[in-house]
Amino acid sequence: MPAVQLLLLACLLGGVGARTAQFQKANDRSGRCQYTFSVASPSESSCPEQGQAMLAIQDLQRDSSEQRATLESTKARLSSLEALLHRLTSGQPAGPLETQQGLQRELEALRREREQLETQTQELESAYSNLVRDKSALEEEKRRLQAENEDLARRLESSSQEVASLRRGQCPQAHSSSQDVPSGSREVAKWNLENVDFQELKSELTEVPASQILKESPSGHPRNEEGGTGCGELVWVGEPITLRTAETITGKYGVWMRDPQAAFPYTGETTWRIDTVGTDIRQVFEYDHIRQFTQGYPSKVHVLPRPLESTGAVVYRGSLYFQAAESRTVLRYDLRTETLKAEKEIPGAGYHGQFPYSWGGYTDIDLAVDEIGLWVIYSTEAAKGAIVLSKLNPETLELEQTWETNIRKQSVANAFIICGTLYTVSSYSLPDATVNFAYDTGTRSSKALTVPFKNRYKYSSMVDYNPLERKLFAWDNFNMVSYDIKLSRL
Numbered sequence: 003m004p005a006v007q008l009l010l011l012a013c014l015l016g017g018v019g020a021r022t023a024q025f026q027k028a029n030d031r032s033g034r035c036q037y038t039f040s041v042a043s044p045s046e047s048s049c050p051e052q053g054q055a056m057l058a059i060q061d062l063q064r065d066s067s068e069q070r071a072t073l074e075s076t077k078a079r080l081s082s083l084e085a086l087l088h089r090l091t092s093g094q095p096a097g098p099l100e101t102q103q104g105l106q107r108e109l110e111a112l113r114r115e116r117e118q119l120e121t122q123t124q125e126l127e128s129a130y131s132n133l134v135r136d137k138s139a140l141e142e143e144k145r146r147l148q149a150e151n152e153d154l155a156r157r158l159e160s161s162s163q164e165v166a167s168l169r170r171g172q173c174p175q176a177h178s179s180s181q182d183v184p185s186g187s188r189e190v191a192k193w194n195l196e197n198v199d200f201q202e203l204k205s206e207l208t209e210v211p212a213s214q215i216l217k218e219s220p221s222g223h224p225r226n227e228e229g230g231t232g233c234g235e236l237v238w239v240g241e242p243i244t245l246r247t248a249e250t251i252t253g254k255y256g257v258w259m260r261d262p263q264a265a266f267p268y269t270g271e272t273t274w275r276i277d278t279v280g281t282d283i284r285q286v287f288e289y290d291h292i293r294q295f296t297q298g299y300p301s302k303v304h305v306l307p308r309p310l311e312s313t314g315a316v317v318y319r320g321s322l323y324f325q326a327a328e329s330r331t332v333l334r335y336d337l338r339t340e341t342l343k344a345e346k347e348i349p350g351a352g353y354h355g356q357f358p359y360s361w362g363g364y365t366d367i368d369l370a371v372d373e374i375g376l377w378v379i380y381s382t383e384a385a386k387g388a389i390v391l392s393k394l395n396p397e398t399l400e401l402e403q404t405w406e407t408n409i410r411k412q413s414v415a416n417a418f419i420i421c422g423t424l425y426t427v428s429s430y431s432l433p434d435a436t437v438n439f440a441y442d443t444g445t446r447s448s449k450a451l452t453v454p455f456k457n458r459y460k461y462s463s464m465v466d467y468n469p470l471e472r473k474l475f476a477w478d479n480f481n482m483v484s485y486d487i488k489l490s491r492l
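Per our numbering, the very first residue in the sequence shown carries number 3; after that it's consecutive.
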């Protein structure tokens, strides 16, 4: 009977090895007994190389199916062996002890092999799942990069068309020859974007809410929509309306303006635009009509005799007022004669990153216009970073009167003035920001506000009030936008 048992076991193991694997038992170099169980791939002569993701997935699918089939076959054979062992031990209780122990050892070995096969199957399934996830992530990244590439291609094409048009001198209604261009101004011959240096910016940006301009009563005071005299308080800022999107990286931040007291040859429609990314900012684009502005075709390009800094410039009574780069000096540039008419150093004013708004951008000195006139917003060491507000003479730039507030300049995103009241914006990047403070120069008092203000594109670098149009103008992450506003009735 022992010979029969060994014969049956040898046949069973031989059948298993012939169909699915090789099973060997031998002593190693130290003399210990060692079992070896090897499974050969039915279809692969070598392992796939890296990068063949799809082939690897298909191979893993086949291997997984084959491993399941092998596992089921092994389970069936193990069940048969267990039944045979049970019959043998039940029918020959007095058989040799060595034969029964041998069968038990073989049975344990097969059980271990089954556990190994189950572990390998789980590992293959896990590897397959990981590859599928990686494939999905790569496909998503590919789609995202394709979309970005298409967007960049569109911007490049638009920029190339505008540059070509500027070089040919074919801008709409811009047919003057070079001899007609006054000194101090010239047409842009080419754009040298490769050499543009970027201003150092902080991580946050600010915005200025738009307010509604007031008509003046016979007594000289502004009139609100309801007909009451006096300025009233800002109570509402509308949704932003996008008018134009900058074409190149130099237009991520900027300032655009219209003159609330325009004089010939300019009108209330004439628009000026300055892209402020760079270290030598001199170009001022001029548009005779709103349609030219929205389509991106300037009628003239001024080149300033001195570079400006940041987004605090304004246009008022035919002149451009701006901060000279890396200084506390404010300049007045006559747009008609294209010459500098006045300059004034603001006493003690911080500049070039000393007291900017919360978004940075060297916004230390910010000019503003309202119904009363021309203002400058800044801070000093003496004020310990609080906002200081001064009324300027528009001809000489002399300081006529100064107010020191209790609003820390670097804690707000931007500021603007309506009828002598300073307003600040809480954040440049939050989609739902607020106009959070108001300082009345008449009463020299401040109060907290919570007027909602929308940052649609989440990076507003400039917001100014235009008293002629009763709107706020803003530059929000490449986009030139405007806001309607309302004031309360006194």
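Here a beta-carbon is modelled for each residue, glycine too, at the ideal position from N, C-alpha and C.
Query: CB contact flag (Gly234, Arg446, <8 Å); Result: no
Query: Ala191, buried or exposed, once every other Cβ within 10 Å from all chains shown has been counted against 16; Result: The pLDDT assigned to Ala191 is 33, lower than 50, so where the model puts this residue is not dependable; a value taken from the coordinates is nonetheless given after this. Exposed, by the Cβ-count rule.
Query: Asn481 classed as buried or exposed, judged by whether at least 16 other C-beta atoms fall within 10 angstroms; Result: buried
Query: Selection from Ala388, Ser312, Tyr289 and Glu241 that minimises the alpha carbon distance to Asp282; Result: Ser312
Query: Continuous beta strand (DSSP E) assignments of at least 3 residues falling wholly in the stretch 254-283; Result: 256-260 and 273-277
Query: Straight-line gap, Gly19 to Leu83 (C-alpha atoms, nearest Å); Result: The predicted position of Gly19 is uncertain, since its pLDDT is 47 and thus under 50; no value can be drawn from it.
Query: Thr296: first and last residue of the uninterrupted alpha helix (DSSP H) it sits in; Result: Ile292 to Gln297
Query: Touch test, the stretch 361-379 against the stretch 337-345, Cβ-Cβ under 8 Å, three pairs minimum; Result: no
Query: Secondary structure of Thr123, DSSP reduced to three states; Result: helix
Query: Three-pair Cβ contact test at 8 Å for the stretch 287-305 versus the stretch 323-331; Result: no
Query: In DSSP terms, what Pro427 is bridged to; Result: For the record, residue 427 in the displayed sequence is Val; it is not Pro. Partner(s): Asn416 and Val437.
Query: Endpoints, beta strand (DSSP E) assigned at Tyr461; Result: It is not in any beta strand (DSSP E) - Tyr461 carries neither H nor E in the DSSP assignment.
Query: Identified DSSP bridge partners for Tyr353; Result: DSSP lists no partner for Tyr353.
Query: Ala327 in three-state terms, based on DSSP; Result: coil
Query: Complete beta strand (DSSP E) runs within the stretch 384-414 (minimum length 3 residues, chain order); Result: 388-394 and 401-410
Query: Delimiting residues of the beta strand (DSSP E) encompassing Thr341; Result: Thr341 to Glu347
Query: Counted within 10 angstroms of its Cβ, other Cβ atoms place Gly266 as buried (16 or more) or exposed; Result: Before going on, a small fix: residue 266 reads as Phe here, not Gly. Its Cβ having fewer than 16 others within 10 Å, Phe266 is exposed.
Query: Own chain, CB closer than 8 Å to Leu62, minus 5 neighbours either side, in chain order; Result: Leu126, Ala129, Tyr130 and Leu133
Query: Contacting residues, own chain, Cβ-Cβ under 7 Å from Ile243 (five flanking each side not counted); Result: Val483 and Ser484
Query: Cβ pair Arg246, Thr278 closer than 8 Å; Result: no
Query: Element boundaries [beta strand (DSSP E), containing Leu518]; Result: Residue numbering for the chain in the displayed model covers 3 to 492; residue 518 lies beyond these limits and cannot be assessed.
Query: Supposed contact pair Ser448 and Ile409 - C-beta distance, whole angstroms, cut 8 Å; Result: 6 Å
Query: Integer Cβ distance of Thr404 from Val390, believed to fall under 8 Å; Result: 6 Å
Query: Residue range of the unbroken beta strand (DSSP E) whose run includes Asn481; Result: Asn481 to Leu489
Query: Trp477 burial status per 10 Å Cβ neighbour count (16 or more: buried); Result: buried
Query: Own chain, CB closer than 7 Å to Thr382, minus 5 neighbours either side, in chain order; Result: Gly350, Ala351, Gly352 and Val390
Query: Trp274 beta carbon less than 8 Å from that of Met259; Result: yes
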